[in-house]
Every structure is written in structure tokens, then in C-alpha cells.
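Worksheet for the structure shown next.
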Amino acid sequence: MLGPVILAASRSDRMRRLISAAPVTKQVVDRFIPGETVADIVPIIEDLTARGLELTMDVVGEDITTPEQAGAARDAYLALIDHLERLELGEKVEMSVKLSMFGQALEGGHELALANVRPVVEAAAAIGTTVTLDAEDHTTLDSMFAIHEELRKDFPQTGCVIQAYLFRTEADARRLAESGSRVRLVKGAYKEPAEVAYQQKHEIDKAYVRILRTLMEGEGYPMIGSHDPRLISIAQELAHKAGRKLDEYEFQMLYGIRGEEHLRLAAEGHRMRVYTAYGTDWYGYFMRRLAEKPANLRFFLRSMVSK
Ligand code: FAD
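This is the structure in C-alpha cells:
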């Protein structure tokens with residue numbers, strides 16, 4: 001019940017101002033967003049990779065309002081890639097980007113987002129790694145998939161995300177399950193209406209399994225973005241049935257959630273990639289993490305009153 005309320009708050013400017021200014025927040029936010037600058041995040045990258053994990057980096061931010069902010073987002077990713085080049089970690093550290101941060105919602109936003117994301121994809125390719133386009137709310141997806149297709153003409157390894165809660169996703173998965181594609185499947189983190197998305201957890205989980213089967217039986221590279229223990233073991237079974245080797249799919253989880261499971265899967269020989277967000281504009285990302293688990297909200301509220 002709380003999830004949709006928190007998701008609605010994640011889009012409210014008033015709540016953004018209130019929560020961002022609360023003195024508390026840092027300790028709780030740090031659990032999910034462990035730094036604000038590249039300098040904060042480099043030791044985390046070094047630590048996680050030393051433990052056998054891989055990463056996908058998200059410079060937090062979305063729903064920007066000016067082309068200058070979109071350009072700044074592009075530059076933040078380019079600065080990160082510059083640092084990554086020195087670490088020489090290649091595809092062990094890739095990038096996740098939200099096209100809304102690259103200007104997708106502005107006037108002429110489709111072209112603007114493409115123009116801003118392309119140099120990031122080029123710079124990533126130049127250091128031997130890749131970019132994955134995150135999936136945002138359903139109104140943005142036709143544009144995201146068109147940008148994905150355009151980028152793949154020059155950079156076929158560019159990945160994208162599909163969301164199991166959307167009715168459209170089974171068809172998207174069939175289209176994307178082709179040779180060379182990299183597709184992350186997640187349940188979906190936005191507040192979506194009943195006309196376009198399943199609302200019940202059991203329906204979303206069933207759709208997730210159907211879509212995962214399509215990806216595993218297809219020719220592409222599935223990236224299983226979930227912390228759900230049941231789905232993780234189903235993914236292992238489906239991979240086995242489809243005759244996939246351990247390096248022909250990967251698991252992905254968010255930094256700060258089920259960390260011991262990251263290490264367990266890596267120790268079993270799986271590719272395990274940790275989605276690691278950093279930056280100052282953390283509000284939307286943070287609120288979606290609260291919405292996914294009401295216990296997070298209780299912890300957050302308790303720390304507010306105990307200060
Ligand atoms: P759930 O059933 O929600 O969770 C399973 C278990 O995991 C829970 O019981 C709990 O133990 C733990 N858990 C899950 N979430 C939390 C949390 N926030 N705090 C503490 N414990 C938690 N969504 C998008 O819409 N677009 C994207 O581009 C996108 N990218 C993602 C990338 C990755 C790598 C991952 C892992 C998720 C991404 N998501 C994205 C979020 C996703 O849609 C879900 O909202 C999120 O993963 C929770 O779903 P779940 O599969 O973990 O299952």
C-alpha cells in the first residue's frame with residue numbers, strides 16, 4: 001500500500017525539497033548511494049572489483065529541465081569514464097544511463113538525448129566497456145528503444161532494460177532476444193497505471209519468468225536484474241535448460257541490497273554486476289528504493305525522529 005504513495009512523492013518537488021533538506025538523510029541515503037563524487041566512488045569500485053564483482057555505474061539524476069543540465073549529465077559520465085580508463089577495468093565496469101537526465105523530456109528531447117548519450121557510448125567503447133539504457137516510466141520507452149536501436153548500429157553491445165510489469169514487455173523481449181543484444185530484465189520501479197502494467201506482485205513475478213524464458217532461449221545476453229531469491233534460482237534453472245554457460249548471462253543487483261548474495265553468486269562462478277549509483281541528485285533513485293521495501297521507510301522515519 002505504501003509503495004504507490006512513496007512513488008507519487010518521488011515525483012513531487014515539494015517532497016523533494018523537504019526530504020533533501022532533512023538533516024538525517026545522509027546515513028540512510030549512503031546505504032544506497034555511497035558517494036557524491038567520482039573521488040568518493042573510485043575506492044568503492046576498487047573494493048568491489050577486488051572481491052570478484054563487476055559494476056554498472058549510475059550518475060544519479062533524472063527529469064532535468066534545461067539543455068545545460070543535460071550537457072552537464074553527459075559531462076559527468078565522461079569524467080567518470082576518464083577515471084575508469086586509469087583503473088583499466090574494461091567491461092568489469094559499465095555505465096547505466098537514464099535518458100531523462102540527458103534531456104529526453106525537453107523540447108526536441110529525443111534528438112537531444114541521443115546527441116548527449118552518443119559521446120558517452122563512444123567513450124565507453126574506447127575503454128572497452130558498454131552502456132545500458134535504463135527503463136523509466138512507460139511514456140518514455142518508445143523513444144528509449146529507438147535510441148537504443150540507433151546506438152546499436154555503431155555500438156551493438158549497447159544494452160537496454162525491460163520491465164516485467166508492463167504488458168508490452170513480452171513482445172519487446174521477443175524482438176530484443178537476438179544475437180549480440182544485451183538486455184537487463186527487471187520487475188519495474190515506477191508507478192504505472194493498470195491500462196499498461198500488472199499491479200499485483202504475483203502477476204509481475206509470473207510475467208518475469210515468461211520473459212526471462214524468452215531471453216534465455218534467445219540469442220542475446222540476458223542480465224537478470226533482481227534480488228528475488230525465487231527468481232534467481234529460476235533464472236539458474238532456465239539458463240541450465242537453455243544450455244547457457246556461466247559467462248552467457250549475468251546477475252545484477254543494486255548496491256546496498258542483499259550484499260551477501262552478490263558475493264555468494266560471484267563465488268559460485270556467476271557474473272555478478274552491482275548497480276552502483278552516486279552523485280548529488282539522489283532523490284528520485286532513493287525514493288524508489290524506499291518504495292520497494294516499506295521497512296526501508298520505517299528505518300528512514302525512525303532515523304529522522306531520533307536526530
Ligand atoms: P522484490 O520482490 O521487490 O524484492 C525481493 C527481495 O529483495 C525483497 O524481499 C528484499 O529482501 C530485497 N529488496 C528488494 N528491493 C529492496 C530495497 N529497495 N531495499 C531493501 N531490500 C530490497 N527498475 C526500472 O524500472 N528501471 C530500471 O532501469 C531498473 N534498473 C535496475 C537495475 C538493477 C541492477 C536492479 C537490481 C533493479 C533495477 N530496477 C529498475 C528496479 C527493479 O525494477 C525493482 O524495483 C527492484 O529490483 C526490486 O525488485 P526485485 O526484483 O528485487 O524483487
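Quick note on the UniProt record's numbering: the sequence shown kicks off at 1 and runs consecutively. Virtual Cβ for every residue (Gly too), placed ideally from N, Cα, C. Predicted model only: the values in this text are computed from it and were never measured.
>> What does the alpha-carbon distance come out to for the pair G3 and D82?
In response: Rounded to whole angstroms, G3 and D82 show a C-alpha spacing of 37 angstroms.
> Does DSSP classify R184 as helix, strand or coil?
Replying inline: R184: strand per DSSP, three-state reduction.
>> My output table needs one value for Q200: the three-state DSSP class, helix, strand or coil.
In response: Three-state result, Q200: coil.
> Exposed or buried, K201, counting other C-beta atoms within 10 Å across all chains shown (16 or more means buried)?
Replying inline: K201 comes out exposed.
>> Quick check on the burial criterion: 16 or more other C-beta atoms within 10 angstroms. Buried or exposed for L18?
In response: So L18 ends up on the exposed side.
> Which value, in whole angstroms, describes the spacing of the CA atoms of R288 and V38?
Replying inline: Just so you know, the alpha carbons of R288 and V38 end up roughly 23 angstroms apart.
>> Whole angstroms are fine: how far does the CA of F300 sit from the CA of K307?
In response: Residue placement at K307 is flagged as unreliable, the pLDDT there being 46, under the threshold of 50; a coordinate-derived value is accordingly withheld.
> Expressed to the nearest angstrom, what Euclidean distance is found between the alpha-carbon atoms of A50 and R264?
Replying inline: Between the C-alpha atoms of A50 and R264 there is a straight-line separation of about 15 angstroms.
> Between C160, P222, A125, P156, which lies nearest to M144 when the distance is taken from Cα to Cα?
Replying inline: For the options C160, P222, A125, P156, the alpha carbon positioned closest to that of M144 is the one of C160.
> How should H240 be labelled, buried or exposed, when 16 other C-beta atoms within 10 angstroms of its C-beta is the threshold for buried?
Replying inline: With fewer than 16 other Cβ atoms within 10 Å, it is exposed.
>> As a quick exercise: from A194, V28, E150, V186, pick the residue whose alpha carbon is nearest that of R210.
In response: When only C-alpha atoms are compared, the closest one is V186.
> If you measure from the CB of H227, is any heavy atom of ligand 1 nearer than 7 angstroms?
Replying inline: For ligand 1, at least one heavy atom lies less than 7 angstroms from the Cβ of H227.
> Is E292 near ligand 1, judged by its Cβ being under 7 angstroms from some heavy atom?
Replying inline: Yes, ligand 1 has a heavy atom inside 7 angstroms of this Cβ.
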